[in-house]
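As structure tokens, the structure follows; a few thoughts come after it.
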Amino acid sequence: MSLDREQKEGTEVLLMGNEAIARGALEAGVRVAAGYPGTPSSEIIETLSRFSEAGKLYVEWSTNEKVAMEVAAAASFAGLRSLCVMKQNGVNVASDFLLHLTGSGTRGGMILITCDDPGALSSVNEGESRHFARLMEIPLIEPADFQEAKEMTRWAFDLSEQIRNVVMVRSVTRMSHASGNVVLGILPTLKGKAEFLCDGPLTDPVRGPVTSAPVIAKHRLQQEKLQKAVALFEESPFNTYQGPEKPELLIITSSACTLYSREAVSLLRAEGRVGILKLGTTWPLPPALLKRHLLRTKNVLIVEEVLPFLEDQVKILCAEQAREIGIKTFYGKNDGALPMVGELNPDLVAAAIGRILGIDPPAIPAEYGEKLRGLTEFLPKRDQTFCPGCPHRASYWAIREALQRDHRGGFVCGDIGCYAMAALFQAAGFHTAKTLHAMGSGTGIASGFGKLGPFGMTQPVLAVCGDSTFYHAAIPALINAVHQRADMTFVVLDNSGTAMTGFQSHPGLDVNAMGEAAPMVDIAALCRAMGVPVTILDPFELIETRETLNRLLEQPEVKVLILKQSCALSPEKKGKKRFSMRVDETRCRGEDCGCNRLCTRIFRCPGLLWNQEQKRAEIDEVICAGCGFCVRICPAEAIRSEEAVKP
Amino acid sequence: MKETLAKDPYNIVITGVGGQGNVMASRVLSNMLVRKGFKVTIGETFGMSQRGGSVMSHIRVSSESVWSPQIPKGGADLIVAIEPIEGIRVLAGYGNRSVKVVVNLRPIYPVGVITGEEEYPSEETIRAKVTALAAEARFLAATEEAIRLGNPILGNIIMIGAVAGLGVLPIDRDLFESVIRDGMPAARVEVNLRAFAIGEAFVFSVKEEKQ
Ligand code: SF4
Ligand code: SF4
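As they're listed, the protein sequences go chains A and B. In short: position in the first sequence from 1, add 37, done, that's this note's numbering. Number 6 in this note's numbering belongs to position 19 of the second sequence; there are no gaps in the numbering.
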């Protein structure tokens, strides 16, 4: 059902946007692919890893996005086609290297794929990667459907080789995680050996050393490359116009917004009044092409998600060409026609077009609308929480109890991973996690809090960090905390995998992205090498964990506690119950118990239910993962476990 | 079995809760339709869905073109609810007078219900609300049937079988078999075929009863 080696060229298959991107890279003959997992980008490397083969295609999950980009760049320097993949905020991490790479230029075609997440469907930011293309002076292209996702990715490698610089391919959640029909192309025979030619002069782009110096000369060259890209963009088949010769309104759009715009026009039956200029090449804009279409009408609506990137560029172009194309009326983000935050959809675009042209979007019939009234309010919300059997719930429970006993108002600096849920949904982390920012930032922030004692701060500080996040960005912050003697307790929530994004490998595991055996880099050993005491515990051992935490909270400087227990969804655990659970009705005190339904009201594992009629807790057989931890939280010893019988 | 679509694009929403096999159900159904020669676009909202959140797949089926991965409001032709209140949630956003709905009656309680802060509607209320909002509504105990087959997750395939039973799409058991044979280990094919057949038979058995 998904992409495989056997599929013949010309076959039409259903592919996820990310699979289509991966297929495009394979059809381009990519040899090295590196990335760091992040929703919605992860399936690209996952798909490629299934096609990896020694000497043909090397695929890795790098420790972070900057390293991924460096690894891909090395392959390009050695003449191979390469790519790096990341989600929007990953580009921030890689951007320091990117600044220098775009100055030095590349050799084998190299593309940077970023998957943005308008609406923050699975992010803690609505970051925009498009601006980086402008900032770094490299071309930006954006597919608008699944076939294009494949074709444009393939073409991006050619473009990169033509201009000898990185090309940025941007997708969004609604492309990457959507699926559609794709006709497969030919997989090339891979040839060419890796060799880094570096004996020539500094200014020789194919035989010299690769550096961004001499800076001014290289910067000038970089801008010439960009102009070359613009010239190619003028003729690109990925920029298309659909609509009447002289529309009342011209929509300029790209990416998934193209599909929303088409649907919106069809919802309003405004095909005769609105034209859509869909741009595949969004930076730099090709001026002659834009001019041709801007001459069609006076009214321009720019449809794009999050910030007005395209809108700004179109306005600049219009100002430059005002003499020839006349004065335009612009609609988009800045005038409020479309919202400045959140993702778009066909309805929002239809409403905007409707307001501009005075068309009412199709309305819900009154009597049906009447039936819908109050419907959503009546439904219980579905907050996200940790999975049944999740070790993070146990870890936060121990932290909660330790902080309660500590009495000094201590708190946790959160970080990125499933355990971020503790900060996003306060009840999920029992109200302990109080900051949440970028990968590794919890550790850096805790390092800062840990120096505020002399200013009168008495609250103990904890930082949590997952195993994958530890390698990604927490190490420099931890070294800082150790060296500065910051007072903090550093808790590694080690669940043996990048659980949040689907168990990608990382340096703490004994297998790499291609399924080969790999040396493990031990977190405890690294911490000990920094000269700090390390304790390793199983978070399911509540009392020991809590008591250890209380002891560590009393001690000065950096202390490390590694809470090791694999994720409830990990392949070795998923679908297998360790314990079979039940609640002893005779012991459960129900609402009357002093603990006031501690298990269902506070602990909130979805495997535990509150039976309204019986006024007793019970186990939901379908949901409970059989981890056995709740036995430890019930003060009445009403929750019982038995070793499950192996099927 | 019709070979053409009742409407173009024909809009299907499959909804449920993370862990119920929503994404797999949408992929299987869509692959069946691609094999029939249709252009299918699936839009999936499954960000952090593994962790108990709502999951929703929008499937657009067309003879001609790619459609937006988000169905316009009020635009669903068929809603497949693997979890009952998620079905009502989708009806609130995408329902209309001609929508058909298939509901698995097994609730997955949200945390707010587990904690007693919120109340989960009774089965009667669920049936009444869905019936009032749909042109045609079918209710199945898919999870219970799936448990009987040995794995609650098979509820998603029972629901796909039910969709086939409705007869609104040109899909059948053979097509289902051809799709799953390509995508799953041979040992699991048999039980999936049984699940499909249970869903299909259920809808046939209550075909005449207009809800
Ligand atoms: S054993 Fe208890 S804590 Fe573990 S999953 Fe089941 S109900 Fe939840
Ligand atoms: S199971 Fe324990 S914690 Fe829950 S209500 Fe009964 S006595 Fe209280």
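Backbone N, C-alpha and C fix where the C-beta goes; we use that ideal spot for every residue, glycine too. Predicted model, so just to flag it, every value in this text is computed and none were measured.
In terms of DSSP beta bridges, what is residue i paired with?
i                      : result
residue 125 of chain B : B:89
residue 49 of chain A  : A:220
residue 149 of chain A : A:121, A:205
residue 67 of chain A  : Answer is none; residue 67 of chain A lacks a bridge partner.
residue 680 of chain A : A:616
residue 395 of chain A : Paired residue(s): none; residue 395 of chain A is not in a bridge.
residue 527 of chain A : A:500, A:597
residue 138 of chain B : Residue 138 of chain B pairs with nothing; no bridge assigned.
residue 448 of chain A : A:498
residue 95 of chain A  : A:69
residue 90 of chain A  : A:94
residue 289 of chain A : A:314, A:339
residue 400 of chain A : BP columns for residue 400 of chain A are empty, so no partner.
residue 472 of chain A : A:450
residue 178 of chain A : A:206, A:318
residue 62 of chain A  : None, per the DSSP bridge assignment.
Any heavy atom of ligand 1 closer than 7 Å to the CB of residue i?
i                      : result
residue 681 of chain A : no
residue 661 of chain A : yes
residue 11 of chain B  : no
residue 455 of chain A : no
residue 645 of chain A : yes
residue 618 of chain A : yes
residue 576 of chain A : no
residue 58 of chain A  : no
residue 664 of chain A : yes
residue 580 of chain A : no
residue 20 of chain A  : As shown, chain A starts at 38 and ends at 684. That puts residue 20 of chain A outside it, with no answer to give.
residue 121 of chain A : no
residue 425 of chain A : yes
residue 667 of chain A : yes
residue 95 of chain B  : no
residue 642 of chain A : yes
residue 656 of chain A : yes
What residue range is occupied by the uninterrupted alpha helix (DSSP H) comprising residue i?
i                      : result
residue 212 of chain A : 210 to 213
residue 261 of chain A : 252 to 271
residue 315 of chain A : Careful: residue 315 of chain A lies outside any alpha helix (DSSP H), inside the beta strand (DSSP E) at 311 to 315.
residue 11 of chain B  : 9 to 22
residue 440 of chain A : 428 to 443
residue 106 of chain A : 102 to 114
residue 172 of chain A : 167 to 173
residue 648 of chain A : Note, residue 648 of chain A: premise wrong, no alpha helix (DSSP H); beta strand (DSSP E) at 645 to 648.
residue 116 of chain B : 110 to 120
residue 564 of chain A : 560 to 566
residue 461 of chain A : 458 to 461
residue 198 of chain A : 183 to 200
residue 408 of chain A : 403 to 409
residue 165 of chain B : 160 to 170
residue 155 of chain A : It is not in any alpha helix (DSSP H) - residue 155 of chain A carries neither H nor E in the DSSP assignment.
residue 188 of chain B : 173 to 192
Please list the terminal residues of the continuous beta strand (DSSP E) segment that includes residue i.
i                      : result
residue 232 of chain A : Element bounds for residue 232 of chain A: n/a, residue is neither H nor E.
residue 43 of chain B  : 41 to 49
residue 587 of chain A : Note, residue 587 of chain A: premise wrong, no beta strand (DSSP E); alpha helix (DSSP H) at 579 to 591.
residue 68 of chain B  : 65 to 68
residue -2 of chain B  : -3 to 4
residue 654 of chain A : 653 to 656
residue 31 of chain B  : 26 to 32
residue 571 of chain A : 571 to 574
residue 278 of chain A : 277 to 279
- Contiguous beta strand (DSSP E) assignments of at least 3 residues, all confined to the stretch 484 to 510 of chain A: At a cut-off of 3 residues, the continuous stretches assigned as beta strand (DSSP E) that sit fully inside the stretch 484 to 510 of chain A are 498 to 503.
- Item | Start-end ranges of the alpha helix (DSSP H) lying completely within the stretch 299 to 372 of chain A, minimum 4 residues | With a minimum length of 4 residues, the continuous alpha helix (DSSP H) runs that stay inside the stretch 299 to 372 of chain A are 324 to 331, 346 to 357, 359 to 362.
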